[in-house]
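**Q**
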Amino acid sequence: MAANHEEVRNPTEVRMSQMVLPCHANHRGQLSTGQLLKWIDTAACLSAERHAGCPCVTASMDDIYFEQTISVGQVVNLKTKVNRAFNSSMEVGIHVTSEDLCSGKEWKVCQAFATFVAQPQGSGKVKLKPATPLTEEEQLEHSIAAERRRMRLVHTDNIKDLLTQSTLQDERSREGGTNGEVLAQKTRVESVELVLPPHANHQGNTFGGQIMAWMENIANIAASRLCHAHPTLKVIEMFHFRGPSQVGDRLILRAIVNNAFKDSMEVGVCVEAFCHDVTVPRRHINSAFMTFVVLDEKNRPCILPRIKPEPGDGERRYREALARRKIRLDRKYVISCNQSEVPLSVPWDPSNQVYLSYNNVSALKTLMSKSDWVLATEIDKVRLYTLEDNSFLSFRVEIKVKVDTRQSFNLLSDLSCRTKWDPYYMKSELLQQVNEDDAIYHVVTTVRGADGKLQDFIILASRRPPCDKGDPYVVAFRSVSLPTHPPTSEYTRGETLCSGFCIWSEGDMTKVSYYNQFTPGLVSQITTNISGLSSDFASTYQACERFLLQNTTDLNKPEP
Ligand code: COA
Ligand code: ADP
């Protein structure tokens, strides 16, 4: 890992700098988001094609949160690179900043992740070569990209399920202080675009950035019809380009304000393609949901009028927009939660389980990716490493065992087995097998809290087999709270923010690393080990080794 970034520049990295001219701006003298989306898509596509060595198309774009507007005269700097290649698809990470040339200041505008799919020259699918991370940061992005992919592939179904289950009430009666009521149909916009060669990429397909720009344009018109002002786009929700369109296609774009909250509104946009032959059915190309705000001269969000939805589809979309808003907030909160924040047992509920599972595994992968681990002590081939990172102290215990790697993964991911080898685990009961990868346990430990009571935990265990060869097996643990299992007077409820196993195959051996980010309750128990006053960790992990060696045939979980 070299320190000088220029020396280790990733071969897929693309940099683009654009001066914002009046022709790129809206009537407020700010860069239009549509233009920014075109630049984002172009730079990201160039990174993808640099890796793939063949033409690529935009398959999807994850949520984008715009943190800053950009003014005419400023410079937009984009940096894109391939974080990970899967089979035929790649995740491209995009980082956008704006720069004021007069003051020399630079601000973050947004971060985005797009998926591009390599197009085969003939029939069949392209098999991409792996992307090789060069720095610690790239290693982390590479590892977490697998988690993001998992999340985006279930996104549409997940949202559909959540919308069907949603029981959210109309909040109009709850939130006062709105500003009149507008009939939703007054905000409806329909527009057609003829796809011409300048709108297409070098393969003749409509350029993804161009479609996003057209979508943003009509969403903006719908939003302006509600507020009679110039709205600012804050969030584009994760979406998928369902199918291609080509030069000569006509694109019909339709938008309407689905719901207006106190100071933000959701606009939905739908795009269909058709050709000159009216007998050929229309193709659904894309649907997206965008959140707009209206800012006053001091950049504060203004209060918006309410929406009166149309009966039927309008009322359905109105309710769905409300549910989507809750899901979006949950997702943003859970996903952006990192180790520097206070440990929290986030409530486990159906609307956030996909995101909590993501957060659980990515927090552990972040800890694993750190390079500053120091070997504190080694006893009988059990190694104890420590890491001091800002306000956290973490440890890692490592053993090598001559057992099957997948079997070790199955045994260690089943927390109910842990009482068999870990003296700190007194009781461990499976409360909920959420799905194949996630389970929730009630754990009682032998550790006592300040009040002398034993500590108990509600723990989410998320297991991940390797996404690709070269990846480890991962089992991540974190606390959650379950309404069905509140703290009781018998125990002190403890919290664990991030811990888990990383299990590697090394020839005929399996390397097991257990990671734990300290919670205050554990500190003295661990520091006695680090300082050599105790060798608990060694006896515990020798017991773990014996447990793995004694259970070599119980392959209770099939390979997914
Ligand atoms: N988000 C991210 N990746 C997705 C995805 C989504 N919502 N849906 C599918 N993919 C990935 C798959 O995981 C798979 O990746 P892998 O090969 O690395 O495992 C890859 O896309 C191909 O999936 P597959 O199921 O074989 O193909 P598909 O029939 O779903 O086609 C596209 C995927 C993207 C090729 C197809 O939907 C398409 O052509 N879309 C239009 C693309 C386009 O023209 N964009 C520019 C603007 S019009
Ligand atoms: P859904 O109708 O389930 O929301 P669609 O993919 O059909 O999903 O549409 C996405 C969004 O596009 C809708 O939520 C709505 O905001 C907008 N939209 C769809 N159809 C129309 C239409 N006929 N007129 C105006 N806007 C539309």
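All the letters of the sequence shown, read from the start, carry residue numbers 284 to 843 under the working numbering.
Just so you know, even glycine gets a beta-carbon here, dropped at the ideal spot from N, CA and C.
In the DSSP output, which residue or residues are listed as bridge partners for cysteine 339?
**A** The count along the sequence shown starts at 1 and reaches residue 339 at position 56. Paired residues: Ala401.
**Q** Would you list the one or two residues that DSSP bridges to isoleucine 347?
**A** On the sequence shown, position 64 is the one that residue 347 refers to. Beta-bridge pairing links isoleucine 347 to Ile519.
**Q** When you compare the region 430-447 with the region 570-580, are there three or more beta-carbon pairs, one atom per stretch, that lie closer than 8 Å?
**A** Verdict: no, contact absent.
**Q** In whole angstroms, give me the CA-to-CA distance for lysine 752 and leucine 516.
**A** Start at 1 with the first residue of the sequence shown, and residue 752 comes out as number 469. Start at 1 with the first residue of the sequence shown, and residue 516 comes out as number 233. Each residue's alpha carbon lies about 41 Å from the other.
**Q** Is any non-hydrogen atom of the ligand COA found closer than 6 Å to the C-beta of valine 637, if you look at the structure I gave you?
**A** On the sequence shown, position 354 is the one that residue 637 refers to. No, the beta carbon of valine 637 sits no closer than 6 Å to any heavy atom of the ligand COA.
**Q** Just to confirm the assignment: which complete alpha helix (DSSP H) runs, minimum length 4, are found wholly within the region 616-702?
**A** Listed in chain order, the complete alpha helix (DSSP H) runs (minimum 4 residues) inside the region 616-702 are 636-651 and 688-696.
**Q** Secondary structure at glutamate 828, three-state DSSP: helix, strand or coil?
**A** Mapped onto the sequence shown, residue 828 falls at position 545. DSSP places glutamate 828 in helix when its eight states are reduced to three.
**Q** Between Pro481, Gly526, Glu549 and Leu446, which lies nearest to arginine 565 when the distance is taken from Cα to Cα?
**A** In the sequence shown, the residue the question calls residue 565 occupies position 282. Per the Cα distances, Gly526.
**Q** Quick one: give me the first and last residue of the beta strand (DSSP E) that lysine 364 is part of.
**A** Position 81 of the sequence shown, counting from 1, holds the residue named residue 364. Segment 358-368, the beta strand (DSSP E) holding lysine 364.
**Q** What whole-angstrom Cβ distance do isoleucine 610 and valine 552 have, given they're in contact under 8 Å?
**A** The count along the sequence shown starts at 1 and reaches residue 610 at position 327. The count along the sequence shown starts at 1 and reaches residue 552 at position 269. So it is not a contact: roughly 18 Å between Cβ atoms.
**Q** Going by DSSP, what residue range makes up the alpha helix (DSSP H) through threonine 767?
**A** Counting from 1 along the sequence shown, the entry for residue 767 is found at position 484. Threonine 767 -> no alpha helix (DSSP H), and no H or E assigned at all.
**Q** Exposed or buried, which one is cysteine 385 when buried takes at least 16 other CB atoms within 10 Å?
**A** Mapped onto the sequence shown, residue 385 falls at position 102. Cysteine 385 should be labelled exposed.
**Q** Measure the alpha-carbon distance for proline 769 versus isoleucine 742 and round it to whole angstroms.
**A** Start at 1 with the first residue of the sequence shown, and residue 769 comes out as number 486. Start at 1 with the first residue of the sequence shown, and residue 742 comes out as number 459. Near 13 Å, if we compare the C-alpha coordinates of isoleucine 742 and proline 769.
**Q** Which residues bound the alpha helix (DSSP H) around leucine 446?
**A** In the sequence shown, the residue the question calls residue 446 occupies position 163. 438-448 is the extent of the alpha helix (DSSP H) around leucine 446.
**Q** Buried or exposed: where does arginine 607 fall if 16 or more other Cβ atoms within 10 Å of its Cβ makes it buried?
**A** As a position in the sequence shown, residue 607 is number 324, starting the count at 1. The residue in question, arginine 607, is buried, as its Cβ has 16 or more Cβ neighbours within 10 Å.
**Q** Report yes if the C-beta distance between leucine 355 and glutamate 382 is below 7 Å; otherwise report no.
**A** As a first step, residue 355 must be located in the sequence shown, where it is residue number 72. As a first step, residue 382 must be located in the sequence shown, where it is residue number 99. What sits at residue 355 in the sequence shown is valine, not leucine. Result no, Cβ atoms of valine 355 and glutamate 382 do not sit closer than 7 Å.
**Q** Measure the alpha-carbon distance for aspartate 819 versus cysteine 700 and round it to whole angstroms.
**A** Along the sequence shown, read from residue 1 onward, the residue named residue 819 stands at position 536. Along the sequence shown, read from residue 1 onward, the residue named residue 700 stands at position 417. Each residue's alpha carbon lies about 19 Å from the other.
**Q** Rounded to the nearest angstrom, how far is the Cβ of arginine 533 from that of valine 475, given a contact under 8 Å?
**A** The residue you call residue 533 lines up with position 250 of the sequence shown. The residue you call residue 475 lines up with position 192 of the sequence shown. The Cβ separation is near 6 Å, so the contact holds.
**Q** Starting from tryptophan 262, trace the beta strand (DSSP E) both ways and give me its first and last residue.
**A** Since the first residue shown for the chain is 284 and the last is 843, residue 262 is missing from the structure and cannot be characterised.
**Q** Looking at the unbroken beta strand (DSSP E) that takes in isoleucine 742, where does it start and where does it end?
**A** One-based indexing of the sequence shown puts residue 742 at position 459. Here the beta strand (DSSP E) through isoleucine 742 covers 737-747.
**Q** Got a sec? Which residues, its chain only, sit under 6 Å from isoleucine 535 by beta carbon, not counting five neighbours each side?
**A** Here residue 535 is taken as the residue at index 252 of the sequence shown, counted from 1. For isoleucine 535, where only same-chain residues beyond five positions count, the Cβ hits under 6 Å are Val475 and Glu555.
**Q** On the DSSP bridge assignment, give the partners of arginine 600 in chain order.
**A** Numbered from its first residue, the sequence shown carries residue 600 at position 317. BP columns for arginine 600 are empty, so no partner.
**Q** Taking 6 Å as the cut-off, is the beta-carbon of isoleucine 883 closer than that to any non-hydrogen atom of the ligand COA?
**A** Outside the displayed span of the chain (284 to 843) sits residue 883, for which this structure offers no information.
**Q** So, do the region 488-508 and the region 315-334 have three or more beta carbon pairs nearer to each other than 8 Å?
**A** Counting Cβ pairs under 8 Å, three or more are found: they touch.
**Q** Going by beta carbon distance, what residues of the same chain come within less than 8 Å of leucine 445, once the five residues before and after it are set aside?
**A** What you label residue 445 is simply residue 162 of the sequence shown in a count that begins at 1. For leucine 445, where only same-chain residues beyond five positions count, the Cβ hits under 8 Å are Ala606, Ile610, Pro633 and Ser634.
**Q** Taking the Cβ atom as the reference point for each residue, do valine 694 and asparagine 488 lie within a distance shorter than 7 Å?
**A** Taking the first residue of the sequence shown as 1, we reach residue 694 at position 411. Taking the first residue of the sequence shown as 1, we reach residue 488 at position 205. Before going on, a small fix: residue 694 reads as leucine here, not valine. In this structure, asparagine 488 does not lie closer than 7 Å to leucine 694 by Cβ.
**Q** Is the Cβ-Cβ distance between valine 763 and valine 644 less than 7 Å?
**A** Position 480 of the sequence shown, counted from the start, is the residue given in the question as residue 763. Position 361 of the sequence shown, counted from the start, is the residue given in the question as residue 644. Going by C-beta atoms, valine 763 is not nearer than 7 Å to valine 644.
**Q** Is any heavy atom of the ligand COA found at a distance shorter than 6 Å from the C-beta of phenylalanine 369?
**A** Taking the sequence shown and counting its residues from 1, the one referred to as residue 369 is at position 86. Yes, Cβ of phenylalanine 369 sits closer than 6 Å to a heavy atom of the ligand COA.
**Q** By the DSSP assignment, the alpha helix (DSSP H) with arginine 508 in it spans what residues?
**A** The count along the sequence shown starts at 1 and reaches residue 508 at position 225. Per DSSP, arginine 508 belongs to the alpha helix (DSSP H) from 491-510.
**Q** Closer than 8 Å is the cut-off here; do at least three beta carbon pairs connect the region 790-798 with the region 713-731?
**A** With the cut-off at 8 Å, the region 790-798 and the region 713-731 do not touch.
**Q** Check whether the Cβ of proline 766 sits closer than 6 Å to any heavy atom of the ligand HEM, and report yes or no.
**A** In the structure shown, the ligand HEM is absent; the only ligands present are the ligand COA and the ligand ADP.
**Q** What's the C-alpha gap between alanine 744 and glutamate 580?
**A** The sequence position of residue 744 within the sequence shown is 461, counting from 1. The sequence position of residue 580 within the sequence shown is 297, counting from 1. About 48 Å.
**Q** Kindly indicate which residue of Leu477, Trp497, Gly595 and Asp546 has the alpha-carbon position closest to the one of cysteine 558.
**A** Within the sequence shown, residue 558 is the residue found at index 275, counting from 1. Nearest C-alpha to cysteine 558: Leu477.
**Q** Excluding the 5 residues preceding and the 5 following serine 330 in the sequence, name in chain order all residues of the same chain whose CB lies nearer than 6 Å to its CB.
**A** The residue labelled residue 330 in the question sits at position 47 within the sequence shown. Taken in chain order, the residues that qualify are Thr295, Val297, Thr363, Lys364, Val365 and Val375.
**Q** Could you tell me whether the region 338-348 touches the region 303-315, using the rule of 3 or more Cβ pairs below 8 Å?
**A** At 8 Å Cβ cutoff, the stretches do not touch.
**Q** Any idea what DSSP makes of lysine 321, helix, strand or coil?
**A** Sequence index remark: in the sequence shown, residue 321 carries index 38 (1-based). It is helical.
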